[in-house]
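These protein sequence lines map, in sequence, to chains B and X.
For the first sequence, the working numbering assigns the number 261 to the last residue and increments by one with no breaks.
For the second sequence, the working numbering assigns the number 261 to the last residue and increments by one with no breaks.
There are 2 protein chains.
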Amino acid sequence: MKGLLLEAAEAVQHAVEAMTGNPAEVLGRGADGGPSARIDRVAEEAVLRVLDYEEASLNVLSEEAGFINRGGQATLVLDPIDGTHNALRGVPAYSVSLAIGHERLSDVQEALVRDLVSGATYYAAKGGGALLNGSSIHVHPYDPADVLFSVYLGTNAAPDASRIAARARRVRALGAASLDLCLVARGAADLYYMHSALVETKLRAVDIAGGTLIVREAGGLVLDLDGRDLDLPLTPTARTDLVAVGDRRAWEAIR
Amino acid sequence: MKGLLLEAAEAVQHAVEAMTGNPAEVLGRGADGGPSARIDRVAEEAVLRVLDYEEASLNVLSEEAGFINRGGQATLVLDPIDGTHNALRGVPAYSVSLAIGHERLSDVQEALVRDLVSGATYYAAKGGGALLNGSSIHVHPYDPADVLFSVYLGTNAAPDASRIAARARRVRALGAASLDLCLVARGAADLYYMHSALVETKLRAVDIAGGTLIVREAGGLVLDLDGRDLDLPLTPTARTDLVAVGDRRAWEAIR
Numbered sequence: 007m008k009g010l011l012l013e014a015a016e017a018v019q020h021a022v023e024a025m026t027g028n029p030a031e032v033l034g035r036g037a038d039g040g041p042s043a044r045i046d047r048v049a050e051e052a053v054l055r056v057l058d059y060e061e062a063s064l065n066v067l068s069e070e071a072g073f074i075n076r077g078g079q080a081t082l083v084l085d086p087i088d089g090t091h092n093a094l095r096g097v098p099a100y101s102v103s104l105a106i107g108h109e110r111l112s113d114v115q116e117a118l119v120r121d122l123v124s125g126a127t128y129y130a131a132k133g134g135g136a137l138l139n140g141s142s143i144h145v146h147p148y149d150p151a152d153v154l155f156s157v158y159l160g161t162n163a164a165p166d167a168s169r170i171a172a173r174a175r176r177v178r179a180l181g182a183a184s185l186d187l188c189l190v191a192r193g194a195a196d197l198y199y200m201h202s203a204l205v206e207t208k209l210r211a212v213d214i215a216g217g218t219l220i221v222r223e224a225g226g227l228v229l230d231l232d233g234r235d236l237d238l239p240l241t242p243t244a245r246t247d248l249v250a251v252g253d254r255r256a257w258e259a260i261r
Numbered sequence: 007m008k009g010l011l012l013e014a015a016e017a018v019q020h021a022v023e024a025m026t027g028n029p030a031e032v033l034g035r036g037a038d039g040g041p042s043a044r045i046d047r048v049a050e051e052a053v054l055r056v057l058d059y060e061e062a063s064l065n066v067l068s069e070e071a072g073f074i075n076r077g078g079q080a081t082l083v084l085d086p087i088d089g090t091h092n093a094l095r096g097v098p099a100y101s102v103s104l105a106i107g108h109e110r111l112s113d114v115q116e117a118l119v120r121d122l123v124s125g126a127t128y129y130a131a132k133g134g135g136a137l138l139n140g141s142s143i144h145v146h147p148y149d150p151a152d153v154l155f156s157v158y159l160g161t162n163a164a165p166d167a168s169r170i171a172a173r174a175r176r177v178r179a180l181g182a183a184s185l186d187l188c189l190v191a192r193g194a195a196d197l198y199y200m201h202s203a204l205v206e207t208k209l210r211a212v213d214i215a216g217g218t219l220i221v222r223e224a225g226g227l228v229l230d231l232d233g234r235d236l237d238l239p240l241t242p243t244a245r246t247d248l249v250a251v252g253d254r255r256a257w258e259a260i261r
């Protein structure tokens, strides 16, 4: 279904570009209770129109609408805009995240994340490796002399996040989970650490379904904070922390 | 000299795009003793060719070459690639930073920073305000309910950096000082905090000459860590910490 995912990503890109220059207007709250904005709703509608037009037999789990039963065999797990707050304030890091799965994160078969600022397109099909703009990508072997971590920080981060950030020579934080995961997949970051002190800011299936498959297909690991392969039901309410690493030595370095 | 700065930025953009796909090769060390790479040298050469072609009467202070006396009345302060490490590893945050000045940061007259990933162009002329892609930009009024800080973190950061990051609801870190400054200028970030524990990772004039004028012309403040307006000689060796804020209340919030 790569063609369908690409078409959906392009529909979001065009919808967002059409809104450029208009100050984005916060309208309400999404299905998860989190802040929602007009940009998310417009992007979600663009994807739903593509599914209708293509008569795609897919249910949808989306940040905005929650679960939509369209009588499909599989489910499109969609974050129409990951990094909404970045988009609203002007931090150039936001994306659309798409994944095809069934019941759980572990059964996701195909994923596409598009960086809506640069246009970079990350894609993975289970067992087929990961691609960036059509070229194979791989995680970075851990090198203690060149360590770059992406870490979730701030008032809602768990206290250990600062300690972990202090162990890396370089720290980056994009604030869009799908893009932070793709940094690990392409070898730009050795680790992405997201440990929230509050349940309501932990990550949802829609945030990570795409990026998780892309990291794993690029040779990396997406783990829970006990070091087990992360799994999660594909539901609107499930929430999780996670650590993604390109190389298991990065995980061992923070334990 | 906006036309000349734009032409130089475009020359860098084309030089970098021509290298895309070639793994960047680290060649040596720049004039400041820091790590240098082929991508920086190629970008610097592209700018010097523009100056020669346009017969521009400007000296050059550059990250790579140090100070070049070309018999000019003013000096082009150039970081051909700010965020080289990002570019080499694949973090999509690197820029070219250009400024026209004389002796000190405080006498910079004109500045242009181009985000080489998105193509966004930030420009300011002293007393004329700041522009992003030709439209006026302004800093963000401080709102305690929506605080976003960009903070320099990791093994070389001073210990207070973690404490400051923990005060913001959202933390971002791009790892390219000119772009982190431009986040403050456009109102995306309330504060950019760079306090290095090591002299050799503090910021240089080439890193901040462009972004500092852009922040100030957008209505913000660029301060030293005692809260005074930052100044610095335009030399290859001068180094500094800094805090940039859109609104003085952001500075007061971290004291």
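Built from N, CA and C at the ideal position, the CB exists for glycine as well.
For residue i, the residue or residues it bridges with in DSSP
i	result
L84(B)	S68(B) and L104(B)
P239(B)	R110(B)
A179(B)	A179(X)
R261(X)	According to DSSP, which records beta bridges pairwise, R261(X) is partnered with nothing at all.
V157(X)	Y199(X)
S142(B)	L137(B)
A14(B)	Paired residue(s): none; A14(B) is not in a bridge.
R245(B)	R210(B)
Y128(B)	V119(B) and L138(B)
L229(B)	D235(B) and V249(B)
A163(X)	S202(X)
Residue i and residue j closer than 7 angstroms at C-beta
i	j	result
D232(B)	S112(B)	no
R192(B)	G96(X)	yes
L204(B)	N162(B)	yes
V190(X)	A171(X)	no
V83(X)	A14(X)	no
I214(X)	A183(X)	yes
A21(X)	A49(X)	yes
K208(B)	D247(B)	yes
V145(B)	L197(B)	no
A99(B)	A117(B)	no
L123(B)	S124(X)	The question names Leu, but residue 123(B) in the sequence shown is Val. Against a cut-off of 7 angstroms, the Cβ pair of S124(X) and V123(B) comes out as a contact.
Extent of the continuous beta strand (DSSP E) to which residue i belongs
i	result
M200(B)	L197 to M200
D121(B)	E116 to D121
M218(X)	Here residue 218(X) is Thr; the residue named in the question, Met, does not match the sequence. Here T218(X) belongs to no beta strand (DSSP E); instead the alpha helix (DSSP H) covers A211 to E223.
T207(B)	Counting along the chain, T207(B) falls outside any beta strand (DSSP E), and DSSP gives it neither H nor E.
Residue burial classification, residue i (beta-carbon count within 10 angstroms, cutoff 16)
i	result
D127(X)	Per the sequence shown, residue 127(X) should be read as Thr rather than Asp. T127(X) comes out buried.
D149(X)	exposed
R234(X)	exposed
P86(B)	buried
Y59(B)	exposed
V212(X)	buried
S103(B)	buried
R176(X)	buried
R169(B)	exposed
G181(X)	buried
N75(X)	exposed
E69(B)	buried
S101(X)	buried
D253(B)	buried
R261(B)	exposed
G217(X)	buried
A88(X)	Note that residue 88(X) is Asp in the sequence shown, not Ala. It counts as buried.
P147(B)	exposed
R120(B)	buried
T90(X)	buried
E223(B)	buried
R255(X)	exposed
D186(B)	buried
Alpha helix (DSSP H) segment containing residue i, residue limits
i	result
Y59(B)	R44 to Y59
L248(B)	Note, L248(B): premise wrong, no alpha helix (DSSP H); beta strand (DSSP E) at L248 to V251.
S168(X)	D166 to A171
A93(X)	T90 to R95
| Using a Cβ cut-off of 8 angstroms, which residues of the region 178–212 of chain X contact any Cβ in chain B, in chain order? | Residues of the region 178–212 of chain X with a C-beta less than 8 angstroms from any C-beta of chain B: R178, A179, L180, G181, L189, R192, G193, A194 and A195, listed in chain order.
| Short-range partners of chain B found in the region 95–107 of chain X, where Cβ spacing is below 9 angstroms | Of all residues in the region 95–107 of chain X, only R95, G96, V97, P98 and A99 come within less than 9 angstroms of chain B when Cβ atoms are compared, listed by chain position.
| Going along the chain, which residues of the region 160–174 of chain X sit with their C-beta nearer than 8 angstroms to a C-beta in chain B? | Residues of the region 160–174 of chain X with a Cβ closer than 8 angstroms to any Cβ of chain B, in chain order: G160, T161, N162, A163, S168, A171, A172, R173 and A174.
| task | Determine which residues of the region 81–92 of chain B have a Cβ less than 8 angstroms from any Cβ of chain X, and write them out in chain order. | result | Within the region 81–92 of chain B, the residues whose Cβ lies closer than 8 angstroms to any Cβ of chain X are, in chain order, H91 and N92.
| message | Which residues of the region 121–137 of chain X have a Cβ closer than 8 angstroms to any Cβ of chain B? Give them in chain order. | response | D121, V123, S124 and A126
| Name the residues in the region 148–160 of chain X whose C-beta lies less than 7 angstroms from a C-beta of chain B; which are they? | So the close ones are L154, L159 and G160.
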